[in-house]
Amino acid sequence: MSTQPASTSINPFDENRETDYLRAKKGLMSWLVTVDHKRLGVMYGLAVLFFFLIAGLLAILLRTELFTPDQDFMSAQTYNQVFTLHGAIMVFLFIIPSVPAAMGNFLLPLMLGAKDVAFPRLNLLSFYIYSVASVFFIAALLNGGLDTGWTFYTPYSTQSGTAVVTATAGAFIAGFSSILTGLNFIVTVHKMRAPGMTWNRMPLFVWAIYATAVIQVLATPVLAITLLLIIIERVLGIGIFDPAMGGDPVLFQHFFWFYSHPAVYIMILPGFGIISELITVHSRKHIFGYKAIALSSVAIAVISFLVWGHHLFVSGQSELVGILFSFLTFAVGVPTAIKVFSWIATLYRGSIVYNTSMWYAMAFLWTFSVGGLTGLPLSTLAIDVHLHDTYFVVAHFHYVMVGGTVVAFIGGIHHWWGKITGKMFNETAGKIGCLLVFIGFNVTFMTQFFLGHQGMPRRYYAYLPEYQTMHQVSTVGSWILAAGLFWIMIYLIASLFNKSRAPANPWGGVSLEWHTQSPPIEHNFHETPHVHGSPYDFPEIDKSAGFHAPH
Amino acid sequence: MSQAHDHAHGDDDHNPFLAHHFDTMGQQAGAAKLGMWLFLATEILMFSGLFLAYFITRMFYPEMVLEAHEHLSKIHGGVNTIVLLTSSYTMAMCVRSAQTSNTAGIKRWLLLTMGCGGIFMFVKYLEYSAKFEHGMLPGKYYSAHLHGYEIDGLPHIFFGVYFMMTGLHGFHVLIGLAVMTWIYIRANRGDFSASNYAAVENTGLYWHLVDLVWIFLFPLLYLVK
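Those protein sequences? They're chains A and B, same order as listed. Here this note's numbering is used: the first residue of the first sequence is 3, the next is one more, and so on. Here this note's numbering is used: the first residue of the second sequence is 159, the next is one more, and so on.
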């Protein structure tokens with residue numbers, strides 16, 4: 003992409019920088035009332051990582067309790083509350099806002115060549131709505147916990163003595179934050195693109211965030227009304243989900259999964275976007291199948307609304323409906339496979355640089371592929387009857403959510419770390435961290451496929467002795483994974499105290515975020531950039547062009 | 159190659175209502191309108207959950223719904239329908255006034271619209287009071303049989319759905335009244351003109367949606383056959 007950032011080009015190694023967004027204004031208040039998308043991205047980043055830490059520690063407690071078949075240090079009721087909060091916090095406060103709200107906020111306007119998102123004040127409001135939601139979750143945690151599982155299935159959720167109303171209110175409020183962020187991003191992509199930034203010149207991360215935003219806007223309102231109905235059901239007892247009062251509990255499952263299955267793609271699509279960027283930049287090669295990858299994100303967004311029934315294969319829906327949902331679920335495999343094959347084709351004969359970010363991209367290709375492929379047996383009606391509600395399902399969605407989204411998120415943090423913080427981390431430390439995460443993750447969850455296939459049901463605090471060996475392997479794996487994540491936290495924090503500053507473009511990227519200094523100035527670019535080509539035209543491809551875009 | 163983005167925005171550069179991150183008033187208004195349409199889409203989806211709940215209730219218990227709906231006041235519902243339809247007209251005239259930089263018109267039509275909204279809420283109050291008095295309440299609070307009204311089946315579900323739908327709709331009317339008050343204050347300040355009326359237009363779009371939802375609620379709840 004030959005881009006003209008300003009009348010004078012920015013030399014990435016120039017030490018005469020201007021005041022960046024981190025130092026543009028001083029004091030705590032300047033952060034609390036900021037409308038700068040980059041600062042909001044950083045604030046979201048810190049908030050989601052805080053909840054990742056809390057929910058991660060809960061997971062370690064769960065795995066440690068499962069080290070022996072009998073009760074160790076948690077009662078059944080405590081165990082129920084811990085796995086519920088682990089799931090609910092991970093889903094509503096970490097993974098849904100993780101890539102879109104944190105990285106999307108930081109990168110989207112930069113990648114589009116805009117000064118900010120379309121509605122900066124709405125963006126700040128989204129952050130505060132998210133904060134209020136997290137207060138509700140913390141209140142639920144302190145006020146009797148929650149033991150329904152993150153899915154709030156009725157009729158149990160209308161009878162449970164725990165803080166269901168507080169927690170569902172928290173999820174309800176978090177939903178509005180998600181809706182407003184999605185709405186903001188859609189309008190930003192439509193209206194804020196720099197001159198020359200046509201739809202087919204947008205980085206694939208932007209396409210992925212756009213498809214995600216469409217799902218956020220269209221699916222989340224249904225979750226809102228569902229959770230509202232749960233609250234009303236508990237407060238007024240209207241009985242719409244309660245069979246004892248003439249209602250239908252399966253109706254709740256339809257309502258819930260109509261949102262929550264598309265929400266799975268809210269979680270994974272942004273991860274796809276990160277991987278598209280990582281693979282192409284670090285293999286110095288134009289992405290294979292740009293349009294196919296871009297449109298497959300949209301295709302996944304569309305199909306995601308038509309597959310919710312595969313969560314109800316054993317809930318008593320009709321056989322015909324089950325067959326249709328099974329078929330539609332298989333259909334998701336097509337656009338997903340298009341992405342995976344395009345990434346592999348991009349690597350083919352590329353000049354691959356094996357740095358930390360690329361390691362994460364490679365780890366993602368393995369873990370996500372395992373996660374995606376194990377979805378196929380689950381979408382097969384007859385096999386699902388055997389595997390439903392077992393550890394096989396647990397392993398499957400952890401391979402997609404952790405092996406997919408979290409690995410991509412961490413890879414993305416490394417890729418854009420210099421841009422966000424202005425500091426570079428230690429590559430060797432980064433690779434050690436990636437290796438620990440990869441090994442720890444696979445040891446933890448690969449084992450659970452076998453456990454589930456042998457019949458270990460999910461959500462139990464105790465189990466039969468024959469499962470003990472595999473449970474112990476899984477638990478040790480979770481400790482390795484936790485060690486890896488703490489290791490990453492330590493060297494990333496340490497990097498902030500580096501004296502040397504990150505160059506504007508450490509990886510030789512072409513998309514617009516690399517055309518401004520690291521960290522960027524408050525208004526991103528001195529002058530609105532003009533865009534003349536693809537974000538993946540690396541100079542190595544066209545030897546006649548220098549890296550610093552011809553003028 | 160072309161120079162960095164031009165500065166030829168003409169008068170827009172001097173418009174005090176142009177936010178720093180937009181290049182032109184047209185871009186700003188386009189963004190605001192697209193944002194509003196997306197928001198309206200989320201509203202429709204949120205209400206669609208309740209409509210689905212309504213249809214399932216009606217499918218499960220057709221006779222009960224038919225019998226229970228007889229206790230809703232067609233007069234109150236009908237009056238409110240006419241009031242809301244009128245308010246959509248006054249709202250459209252308000253937007254028209256903004257487009258022609260007629261500040262006095264904005265304020266006059268806005269007050270009329272708010273008046274209609276007020277009448278709607280007053281009628282709603284009368285209607286709800288009657289339901290409360292007759293014990294026609296949602297779920298476990300349903301006690302109409304103690305007040306001499308016998309409805310066969312499970313009418314507490316119908317009244318649950320009725321109060322959820324009309325309650326959420328009434329809440330939207332109240333939000334609309336609050337937003338219109340804010341728009342009135344801004345109009346009074348002289349914020350709106352032919353070059354800056356996106357806020358008035360968006361308020362209008364929202365109000366029309368509130369009207370539209372009622373257009374569906376009225377026949378579904380009050381005119382069941």
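C-beta: ideal position from N, C-alpha, C; glycine also.
Going along chain B, which residues have a C-beta under 8 Å from residue i?
i	result
A/Asp-250	Ile-214, Phe-218
Residues of chain B with CB under 7 Å from residue i, in chain order?
i	result
A/Thr-565	The question about residue 565 of chain A has no answer, for chain A in this structure spans 3 to 553.
A/Val-118	At residue 118 of chain A the sequence reads Asp, which differs from the Val that was named. The contacting residues are His-179.
A/Ala-226	Met-204
A/Val-219	Leu-196, Ala-199, Thr-200
A/Phe-121	Gly-193
Among the residues of its own chain, which have a CB less than 6 Å from the CB of residue i, if the five just before and after it don't count?
i	result
B/Tyr-299	none
A/Met-426	Gly-420, Ala-504
B/Ile-333	none
B/Phe-227	This sequence places His at residue 227 of chain B; Phe is not what is there. Answer for B/His-227: Val-382, listed in chain order.
A/Asn-82	Asp-149
A/Leu-182	Leu-124, Ser-128
B/Asn-238	Phe-278, Val-281
Along chain A, which residues have their Cβ under 9 Å away from the Cβ of residue i?
i	result
B/His-314	Gly-239, Ile-240, Gly-241, Met-247, Gly-248
B/Met-323	Correct list: empty, because the minimum Cβ distance to chain A is about 11 Å.
B/Ala-211	Ile-227, Leu-231, Ile-242, Leu-253, Phe-257
Residues of chain A with a CB under 7 Å from the CB of residue i: which are they?
i	result
B/Met-272	Here the premise fails: no neighbours, minimum Cβ distance about 25 Å.
B/Gln-185	Lys-193
B/Phe-197	Leu-185
B/Val-328	It should be noted that the sequence gives Gly, not Val, for residue 328 of chain B. Correct list: empty, because the minimum Cβ distance to chain A is about 15 Å.
B/Leu-192	Val-189, His-192, Lys-193
Which residues in the same chain as residue i place their Cβ atom closer than 7 Å to its Cβ, once the five residues preceding and following it in sequence are excluded?
i	result
A/Phe-1	Coverage of chain A is limited to positions 3 through 553, which leaves residue 1 of chain A absent and any answer about it impossible.
B/Pro-296	His-314, Phe-317, Gly-318, Phe-321
A/Ala-431	Tyr-493
A/Ala-265	Ile-98, Ala-221
B/Gly-235	Phe-376, Tyr-380
A/Ile-385	Pro-379
Where DSSP assigns a beta bridge to residue i, which residues make up the other side?
i	result
B/Asn-354	B/Ser-351
A/Ile-523	A/Asp-22, A/Asn-526
A/Ser-459	Note that residue 459 of chain A is Pro in the sequence shown, not Ser. Paired residue(s): A/Thr-392.
Using the beta-carbon of each residue, which ones in chain A are nearer than 8 Å to residue i?
i	result
B/Met-251	Per Cβ cutoff of 8 Å: no residues; B/Met-251 is ~28 Å from chain A at best.
B/Gly-318	Ile-234, Leu-238, Ile-240, Gly-241, Ile-242
B/Ala-336	Going along chain A, no residue has its Cβ under 8 Å from B/Ala-336, so there is no contact; the nearest lies around 16 Å.
Name the chain B residues whose beta carbon is nearer than 9 Å to that of residue i?
i	result
A/Pro-223	Ala-199, Thr-200, Glu-201, Ile-202, Leu-203, Met-204, Phe-205, Ser-206, Gly-207
A/Phe-108	Those within 9 Å of A/Phe-108 in chain B number zero; the least Cβ separation is about 15 Å.
Once you ignore the five residues that flank residue i on each side, which residues in its own chain have a CB closer than 8 Å to its CB?
i	result
A/Arg-351	Lys-287
A/Lys-293	Asn-202
A/Ala-485	Leu-438, Gly-442
A/Val-188	With the sequence shown as reference, residue 188 of chain A is identified as Ile, and Val is not the correct amino acid for it. Tyr-212, Ala-215, Val-216, Val-219.
Give the residues of chain E in contact with residue i, contact being defined as C-beta atoms less than 7 Å apart.
i	result
B/Gly-188	In summary, chain E is missing from the structure at hand, where the protein chains are A and B.
Short of 8 Å Cβ to Cβ, which residues in the segment 341-364 of chain B face chain A?
Correct list: empty, as no residue qualifies.
Which residues, in chain order, does the segment 291-307 of chain B contribute to contact with chain A at a C-beta distance below 7 Å?
Only those residues of the segment 291-307 of chain B whose C-beta falls short of 7 Å from the nearest C-beta of chain A are listed: Pro-296, Gly-297, Lys-298, Tyr-299.
Counting only Cβ-Cβ distances shorter than 7 Å, please list the residues of the segment 184-214 of chain A near chain B, keeping chain order.
Residues of the segment 184-214 of chain A that bring their beta carbon within less than 7 Å of a beta carbon in chain B comprise Leu-185, Ile-188, Val-189, His-192, Lys-193, Pro-197, in sequence order.
Tell me which residues of the segment 500-529 of chain A have at least one Cβ-Cβ distance to chain B shorter than 9 Å, keeping chain order.
Correct list: His-525, Phe-527, His-528, Glu-529.
In chain order, each alpha helix (DSSP H) run of at least 4 residues that lies wholly inside the segment 15-66 of chain A:
You should have 30-34.
Which runs of the alpha helix (DSSP H) at least 4 residues long sit entirely within the segment 97-178 of chain A? Give them in chain order.
Counting whole runs of 4 or more residues, the segment 97-178 of chain A contains the alpha helix (DSSP H) stretches 107-114, 122-144, 158-161.
Can you check the segment 296-361 of chain B for any alpha helix (DSSP H) of at least 4 residues that lies completely inside it and give the ranges in chain order?
List check, alpha helix (DSSP H) in window: 313-346.
Entirely enclosed alpha helix (DSSP H) segments - the segment 463-506 of chain A, minimum 4 residues:
Whole alpha helix (DSSP H) segments, 4+ residues: 470-497.
For the segment 198-261 of chain B, list the alpha helix (DSSP H) runs that are entirely contained and at least 4 residues long, ordered along the chain.
Given a length threshold of 4 residues, each whole run of the alpha helix (DSSP H) inside the segment 198-261 of chain B is given here in chain order: 220-227, 232-257.
Any alpha helix (DSSP H) of 4 or more consecutive residues that is wholly inside the segment 305-354 of chain A:
Segments of the alpha helix (DSSP H) lying fully in the segment 305-354 of chain A: 321-349.
Under 7 Å, CB to CB, which of the residues in the segment 154-184 of chain A have a partner in chain B?
Sequence-ordered contacts of the segment 154-184 of chain A with chain B read Ile-181 [C-beta pairs closer than 7 Å].
Note down, in chain order, all residues in the segment 257-286 of chain A with a beta-carbon under 7 Å from any beta-carbon belonging to chain B.
Against chain B - using a Cβ distance shorter than 7 Å - the residues of the segment 257-286 of chain A are Phe-257.
Interfacial residues, the segment 221-252 of chain B to chain A, with Cβ spacing under 7 Å:
Result list empty, no residue passes.
Going along the chain, which residues of the segment 74-102 of chain A sit with their C-beta nearer than 9 Å to a C-beta in chain B?
Residues passing the 9 Å Cβ filter: none.
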